[in-house]
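> A single structure is presented below for examination.
Protein chains: 2
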Amino acid sequence: MPTLEDIRQAATELEGRIQRTPMLTSSALNERFAADLVLKAELFQKTGSFKVRGLLTKLLRLTTEERERGVITVSAGNAAGALAWAARNAGVPATVVMAATAVPAKIDAARGYGATVELVGGDLMAQYERIRDERQLAGVHPFDDEDVILGHAGLGLELLADRPDIDTVLVPVGGGGLISGVATAVKLMKPAIRVIGIEPEQADVVSRSLAAGVPQKLLTARSIADGLAAPVCGTRNLPLIQQYVDDVVRVSEDALLEATRLVMSRTKLALEPAAAAPFAALLEGLRPEGVTAAVVSGGNLDVAKLRF
Amino acid sequence: MPTLEDIRQAATELEGRIQRTPMLTSSALNERFAADLVLKAELFQKTGSFKVRGLLTKLLRLTTEERERGVITVSAGNAAGALAWAARNAGVPATVVMAATAVPAKIDAARGYGATVELVGGDLMAQYERIRDERQLAGVHPFDDEDVILGHAGLGLELLADRPDIDTVLVPVGGGGLISGVATAVKLMKPAIRVIGIEPEQADVVSRSLAAGVPQKLLTARSIADGLAAPVCGTRNLPLIQQYVDDVVRVSEDALLEATRLVMSRTKLALEPAAAAPFAALLEGLRPEGVTAAVVSGGNLDVAKLRF
Numbered sequence: 001m002p003t004l005e006d007i008r009q010a011a012t013e014l015e016g017r018i019q020r021t022p023m024l025t026s027s028a029l030n031e032r033f034a035a036d037l038v039l040k041a042e043l044f045q046k047t048g049s050f051k052v053r054g055l056l057t058k059l060l061r062l063t064t065e066e067r068e069r070g071v072i073t074v075s076a077g078n079a080a081g082a083l084a085w086a087a088r089n090a091g092v093p094a095t096v097v098m099a100a101t102a103v104p105a106k107i108d109a110a111r112g113y114g115a116t117v118e119l120v121g122g123d124l125m126a127q128y129e130r131i132r133d134e135r136q137l138a139g140v141h142p143f144d145d146e147d148v149i150l151g152h153a154g155l156g157l158e159l160l161a162d163r164p165d166i167d168t169v170l171v172p173v174g175g176g177g178l179i180s181g182v183a184t185a186v187k188l189m190k191p192a193i194r195v196i197g198i199e200p201e202q203a204d205v206v207s208r209s210l211a212a213g214v215p216q217k218l219l220t221a222r223s224i225a226d227g228l229a230a231p232v233c234g235t236r237n238l239p240l241i242q243q244y245v246d247d248v249v250r251v252s253e254d255a256l257l258e259a260t261r262l263v264m265s266r267t268k269l270a271l272e273p274a275a276a277a278p279f280a281a282l283l284e285g286l287r288p289e290g291v292t293a294a295v296v297s298g299g300n301l302d303v304a305k306l307r308f
Numbered sequence: 001m002p003t004l005e006d007i008r009q010a011a012t013e014l015e016g017r018i019q020r021t022p023m024l025t026s027s028a029l030n031e032r033f034a035a036d037l038v039l040k041a042e043l044f045q046k047t048g049s050f051k052v053r054g055l056l057t058k059l060l061r062l063t064t065e066e067r068e069r070g071v072i073t074v075s076a077g078n079a080a081g082a083l084a085w086a087a088r089n090a091g092v093p094a095t096v097v098m099a100a101t102a103v104p105a106k107i108d109a110a111r112g113y114g115a116t117v118e119l120v121g122g123d124l125m126a127q128y129e130r131i132r133d134e135r136q137l138a139g140v141h142p143f144d145d146e147d148v149i150l151g152h153a154g155l156g157l158e159l160l161a162d163r164p165d166i167d168t169v170l171v172p173v174g175g176g177g178l179i180s181g182v183a184t185a186v187k188l189m190k191p192a193i194r195v196i197g198i199e200p201e202q203a204d205v206v207s208r209s210l211a212a213g214v215p216q217k218l219l220t221a222r223s224i225a226d227g228l229a230a231p232v233c234g235t236r237n238l239p240l241i242q243q244y245v246d247d248v249v250r251v252s253e254d255a256l257l258e259a260t261r262l263v264m265s266r267t268k269l270a271l272e273p274a275a276a277a278p279f280a281a282l283l284e285g286l287r288p289e290g291v292t293a294a295v296v297s298g299g300n301l302d303v304a305k306l307r308f
């Protein structure tokens with residue numbers, strides 16, 4: 001299990017390379033939810049989401065030999081840009097395997113940061129493994145990795161550094177990467193804090209894994225909150241979630257849509273539906289205690305879809 | 001013509017009542033446009049747009065007798081919430097005449113701030129005048145008013161207080177309220193500064209008024225940038241625009257749409273299309289000199305329309 005010392009060390013390595021994202025308040029949201037909310041505006045992070053924290057930590061810790069070979073990851077879209085950015089920042093060549101059907105803006109983002117993008121059809125994982133082995137690249141998992149978890153945990157340090165009075169933390173949940181890191185950090189610093197994860201009803205692999213006691217897989221995981229539609233829960237993430245997360249609640253697609261619109265209209269933050277998950281839970285009746293931090297995890301909207 | 005003293009006095013009256021909105025930078029936008037941009041994030045203003053500046057100035061300066069009678073305005077939607085908020089802040093009863101077909105969220109916003117909303121059919125102006133006269137209310141024009149202009153001018157003071165090195169200011173243009181105030185303030189403080197207005201090709205009443213030398217009216221003024229679709233140029237605004245604005249350029253609907261998506265995706269600000277007008281001009285080839293402030297004038301998107 002990671003220690004606070006491990007987490008602080010990873011945060012030190014990221015200093016000056018990533019954004020120190022702000023904590024914002026909204027009297028309109030506090031009124032609407034009869035709550036005392038602070039929003040961790042992680043959508044202002046490099047590449048528009050928290051993902052660079054863990055991925056950059058991972059890349060900075062590669063061996064010289066791994067750095068020279070270069071890294072490879074597989075992504076339905078969201079992790080691609082973050083990995084590509086982190087690779088450029090760390091000075092490591094990167095290859096990203098994406099489905100040929102991925103959103104063009106996400107393909108362009110990865111290419112824009114200098115990554116080699118391989119667009120493939122058929123079984124994404126099989127193609128990824130083939131290319132990785134053929135080119136002898138170092139595989140990087142976007143969340144099921146100890147260094148990635150340590151990097152994400154830095155967000156938890158920032159929460160309590162800025163607002164030591166936080167009583168509850170609400171974290172969107174996909175495969176468990178972000179929440180396993182954040183929960184570990186805040187509980188080690190302040191054991192009385194409550195950590196609640198929120199995942200879509202239609203992509204609830206972490207809830208199912210907690211119920212089963214072992215990581216589960218979903219055959220289909222589709223949600224308007226595409227950033228949370230992970231088909232698997234990480235084997236390294238689940239034990240930390242079991243240890244440090246108080247509850248994981250599930251939210252409907254309707255609540256995710258309404259929450260995205262509500263938060264955007266009240267705060268003028270262009271958050272993605274995944275980042276609205278904490279507010280979807282509030283809409284569906286969650287009543288968190290005391291000062292409540294909501295992690296606004298990203299803002300990577302598919303803007304080509306937006307109509308005005 | 002307003003003096004710098006007048007503008008500073010109005011700004012003092014607003015102190016503590018409105019937000020001091022931040023200036024933001026975006027390396028992605030600077031790269032995209034080969035420019036040195038600073039964004040005045042006025043979408044974080046109370047009610048989500050600059051409009052409260054001038055309207056609150058106006059309401060704070062009413063006579064005791066006018067305050068007791070209450071105020072009335074007419075709005076297609078955007079000024080309604082701002083007037084209602086300002087009236088509550090100033091402690092003045094407010095009535096807003098709106099078309100029965102106005103966006104429900106805008107009607108709700110005005111009611112939420114405590115205004116009496118009169119939904120009418122037919123000729124909006126005729127109905128407004130009837131209600132105003134019947135109830136002996138003080139009419140408030142959303143831009144063609146000296147106090148409103150002075151209030152808006154405060155935004156110009158903030159631009160140069162935060163960034164004295166600004167060389168060019170890009171301002172979205174509707175009926176001329178915001179730009180007449182901002183241009184007056186910045187030119188009085190720094191005569192060498194350039195002020196460029198941007199208005200939609202499909203709602204170009206200020207360009208037409210400048211060409212004609214007198215305020216013009218448009219029979220139709222429809223744009224995706226609904227906040228800029230004013231059918232008239234203010235009689236008090238035009239002389240200030242003639243005196244202090246260097247150029248007004250027109251942008252296409254396509255550029256407004258593309259600019260809104262581009263700025264939202266790069267900055268994660270949920271700006272409305274009106275606020276993207278400066279970037280639409282950059283997309284269409286405008287090359288401003290030096291440090292360039294772009295006024296991101298508001299973020300009142302019709303979120304019910306957003307699909308993700």
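So the protein sequences, as listed, match chains A and B.
The first sequence begins at 1 in our numbering and counts up one residue at a time.
The second sequence begins at 1 in our numbering and counts up one residue at a time.
All C-beta atoms, glycine included, are put in the ideal place defined by N, C-alpha and C.
This structure is a prediction, so every number in the text was calculated from the model and none was measured.
#1: Within the same chain, show all residues whose beta-carbon is closer than 6 Å to that of A:Pro215, passing over the 5 residues directly before and after it, in chain order.
#2: Quick check on the DSSP output: the alpha helix (DSSP H) that includes A:Ser265 runs from which residue to which?
#3: In the DSSP output, which residue or residues are listed as bridge partners for A:Met98?
#4: Between the alpha carbons of A:Lys51 and A:Arg194, how many angstroms are there, rounded?
#5: My understanding is that A:Leu56 touches A:Val140, with C-beta atoms under 8 Å, so please give their C-beta distance in whole angstroms.
#6: Relative to the C-alpha of B:Val38, which residue among B:Gln9, B:Val249, B:Ile179 and B:Thr21 is closest?
#7: Residues in the same chain with beta-carbon distance under 6 Å from B:Arg135, minus the five sequence neighbours each way, listed in chain order, please.
#8: Run down chain A in chain order and give the residues with a C-beta less than 8 Å from the C-beta of B:Gly299.
#9: For B:Ile196 versus B:Pro172, is the C-beta spacing smaller than 7 Å?
#10: Is the CB of A:Lys217 under 7 Å away from at least one CB in chain B?
#11: Going straight from the alpha carbon of B:Glu272 to that of A:Gly121, what length do you get?
#12: For the stretch 242–260 of chain B, list every residue whose C-beta sits within 8 Å of some C-beta in chain A, in sequence order.
#13: I'd like to know if A:Ile327 contacts chain B, where contact means its C-beta is closer than 7 Å to some C-beta of that chain.
#14: Is it true that the CB of A:Ala110 sits closer than 7 Å to the CB of A:Val92?
#15: Can you tell me whether DSSP reads A:Lys46 as helix, strand or coil?
#16: Can a CB atom of chain B be found closer than 7 Å to the CB of A:Leu43?
#17: Which residue marks the beginning of the alpha helix (DSSP H) containing B:Pro339, and which one marks its end?
#18: Please identify, using Cβ separations under 7 Å, the residues of the stretch 24–49 of chain A that lie next to chain B, in order along the chain.
#19: Who are the Cβ neighbours of B:Asp167 in its own chain at under 6 Å, not counting the five residues just before and after it?
#20: Count the other CB atoms within 10 Å of the CB of B:Gly114; is the residue buried (16 or more) or exposed (fewer)?
#21: From A:Glu15 to A:Tyr244, what distance separates their C-alpha atoms?
#22: Rounded to whole angstroms, what is the Cα-Cα separation between A:Leu59 and B:Leu119?
#23: Show which residues of chain B have a CB atom less than 8 Å away from the CB atom of A:Arg307.
#24: Return yes when the Cβ of A:Val71 is within less than 7 Å of the Cβ of A:Ala99, no when it is not.
#25: So, is the C-beta of B:Ser265 closer than 7 Å to a C-beta in chain A?
#26: How far does the alpha helix (DSSP H) with B:Ala153 in it reach, from first residue to last?
#27: In angstroms, rounded to a whole number, what distance separates the CA positions of A:Val296 and A:Pro200?
#28: Going along chain A in order, which residues have a C-beta closer than 7 Å to the C-beta of B:Pro273?
#29: Going by DSSP, what residue range makes up the beta strand (DSSP E) through B:Val186?
#30: Report buried or exposed for A:Pro142, applying the criterion of at least 16 other Cβ atoms within 10 angstroms of its Cβ.
#31: Spatial neighbours of A:Ala10 within its chain, please: C-beta separation below 8 Å, excluding the five flanking residues on both sides.
#32: May I ask which residues mark the beginning and end of the beta strand (DSSP E) holding A:Ala292?
#33: Specify, as a first and last residue, the run of the beta strand (DSSP E) that B:Thr12 falls within.
#34: Could you tell me which residues DSSP puts in a beta bridge with A:Pro200?
#35: Using a Cβ-Cβ cut-off of 6 Å (strictly less than) and excluding sequence neighbours within five positions of B:Gly181, which residues of its own chain qualify?
#36: By DSSP, does B:Val303 sit in helix, in strand, or in coil?
In terms of the structure at hand:
#1: For the purposes of this step, residue 215 of chain A is taken as residue 215 along the first sequence, with counting starting at 1. For A:Pro215, where only same-chain residues beyond five positions count, the Cβ hits under 6 Å are Ser209, Cys233, Thr235 and Leu238.
#2: The sequence position of residue 265 of chain A within the first sequence is 265, counting from 1. Counting along the chain, the alpha helix (DSSP H) containing A:Ser265 begins and ends at Glu253 to Thr267.
#3: In the first sequence, residue 98 of chain A corresponds to position 98, counting from 1. A:Met98 pairs with A:Ser75 and A:Leu119.
#4: Translated into positions along the first sequence, residue 51 of chain A becomes position 51. Translated into positions along the first sequence, residue 194 of chain A becomes position 194. Going from the Cα of A:Lys51 to the Cα of A:Arg194 covers about 23 Å.
#5: Mapped onto the first sequence, residue 56 of chain A falls at position 56. Mapped onto the first sequence, residue 140 of chain A falls at position 140. Not a contact, Cβ separation roughly 11 Å.
#6: Counting from 1 along the second sequence, the entry for residue 38 of chain B is found at position 38. Out of B:Gln9, B:Val249, B:Ile179 and B:Thr21, B:Thr21 has the C-alpha closest to the C-alpha of B:Val38.
#7: Translated into positions along the second sequence, residue 135 of chain B becomes position 135. Hits under 6 Å: none found.
#8: Counted from its first residue, the second sequence places residue 299 of chain B at position 299. In chain order: Lys268.
#9: Indexing the second sequence from 1 puts residue 196 of chain B at position 196. Indexing the second sequence from 1 puts residue 172 of chain B at position 172. For B:Ile196 and B:Pro172, no; Cβs fall outside 7 Å.
#10: As a position in the first sequence, residue 217 of chain A is number 217, starting the count at 1. Answer no: the Cβ-Cβ gap between A:Lys217 and chain B never drops below 7 Å.
#11: Sequence index remark: in the second sequence, residue 272 of chain B carries index 272 (1-based). Sequence index remark: in the first sequence, residue 121 of chain A carries index 121 (1-based). Roughly 38 Å separates the two Cα atoms.
#12: Leu257 and Thr260
#13: Chain A is shown from 1 up to 308; residue 327 of chain A falls before or after that span and cannot be answered.
#14: As a working mapping, residue 92 of chain A is identified with position 92 in the first sequence. As a working mapping, residue 110 of chain A is identified with position 110 in the first sequence. Their beta carbons are not under 7 Å apart, which means A:Val92 does not touch A:Ala110 by this criterion.
#15: The count along the first sequence starts at 1 and reaches residue 46 of chain A at position 46. Residue state, collapsed to three classes: helix.
#16: On the first sequence, position 43 is the one that residue 43 of chain A refers to. Yes, A:Leu43 lies at the interface with chain B (some Cβ there is under 7 Å from its Cβ).
#17: Lying outside 1 to 308, the shown extent of chain B, residue 339 of chain B is not represented and no answer is given.
#18: Leu43, Phe44 and Gly48
#19: Counting from 1 along the second sequence, the entry for residue 167 of chain B is found at position 167. Excluding residues within five positions, the ones whose Cβ falls inside 6 Å are Glu289, Gly290 and Val291.
#20: By 1-based counting over the second sequence, the position of residue 114 of chain B is 114. Exposed, since its Cβ has fewer than 16 Cβ neighbours within 10 Å.
#21: On the first sequence, position 15 is the one that residue 15 of chain A refers to. On the first sequence, position 244 is the one that residue 244 of chain A refers to. C-alpha separation (whole angstroms): 26 Å.
#22: What you label residue 59 of chain A is simply residue 59 of the first sequence in a count that begins at 1. What you label residue 119 of chain B is simply residue 119 of the second sequence in a count that begins at 1. Cα to Cα, A:Leu59 sits roughly 60 Å from B:Leu119.
#23: To locate residue 307 of chain A, count along the first sequence from 1; it is residue 307. Those within 8 Å of A:Arg307 in chain B are Lys305, Leu306 and Arg307.
#24: For the purposes of this step, residue 99 of chain A is taken as residue 99 along the first sequence, with counting starting at 1. For the purposes of this step, residue 71 of chain A is taken as residue 71 along the first sequence, with counting starting at 1. Going by C-beta atoms, A:Ala99 is not nearer than 7 Å to A:Val71.
#25: The count along the second sequence starts at 1 and reaches residue 265 of chain B at position 265. Cβ-Cβ to chain A under 7 Å: yes for B:Ser265.
#26: To locate residue 153 of chain B, count along the second sequence from 1; it is residue 153. Note, B:Ala153: alpha helix (DSSP H), Glu146 to Asp162.
#27: Sequence index remark: in the first sequence, residue 296 of chain A carries index 296 (1-based). Sequence index remark: in the first sequence, residue 200 of chain A carries index 200 (1-based). Answer to the nearest angstrom: the Cα atoms are 15 Å apart.
#28: Residue mapping note: residue 273 of chain B aligns to position 273 of the second sequence, counting from 1. Those within 7 Å of B:Pro273 in chain A are Phe308.
#29: As a working mapping, residue 186 of chain B is identified with position 186 in the second sequence. Premise fails: B:Val186 lies in the alpha helix (DSSP H), Gly177 to Met189, not in any beta strand (DSSP E).
#30: The residue you call residue 142 of chain A lines up with position 142 of the first sequence. It is buried - the Cβ of A:Pro142 has at least 16 other Cβ atoms within 10 Å.
#31: In the first sequence, the residue the question calls residue 10 of chain A occupies position 10. Excluding positions up to five away in sequence, the list reads Thr57, Asp147, Leu150, Gly151, Ala153 and Gly154.
#32: In the first sequence, counting from the first residue as 1, residue 292 of chain A sits at position 292. Residue identity differs from the one stated: residue 292 of chain A is Thr in this sequence, not Ala. From DSSP, the beta strand (DSSP E) with A:Thr292 extends over Val291 to Val296.
#33: Here residue 12 of chain B corresponds to residue number 12 of the second sequence, with the count starting at 1. Per DSSP, B:Thr12 belongs to no beta strand (DSSP E); it is in the alpha helix (DSSP H), Leu4 to Leu14.
#34: What you label residue 200 of chain A is simply residue 200 of the first sequence in a count that begins at 1. Bridge partners of A:Pro200: A:Val251.
#35: Here residue 181 of chain B refers to the residue found at position 181 of the second sequence. The answer, listed in chain order, is Ile149, His152 and Ala153.
#36: Counting from 1 along the second sequence, the entry for residue 303 of chain B is found at position 303. Looking at B:Val303 - three-state DSSP - the assignment turns out to be helix.
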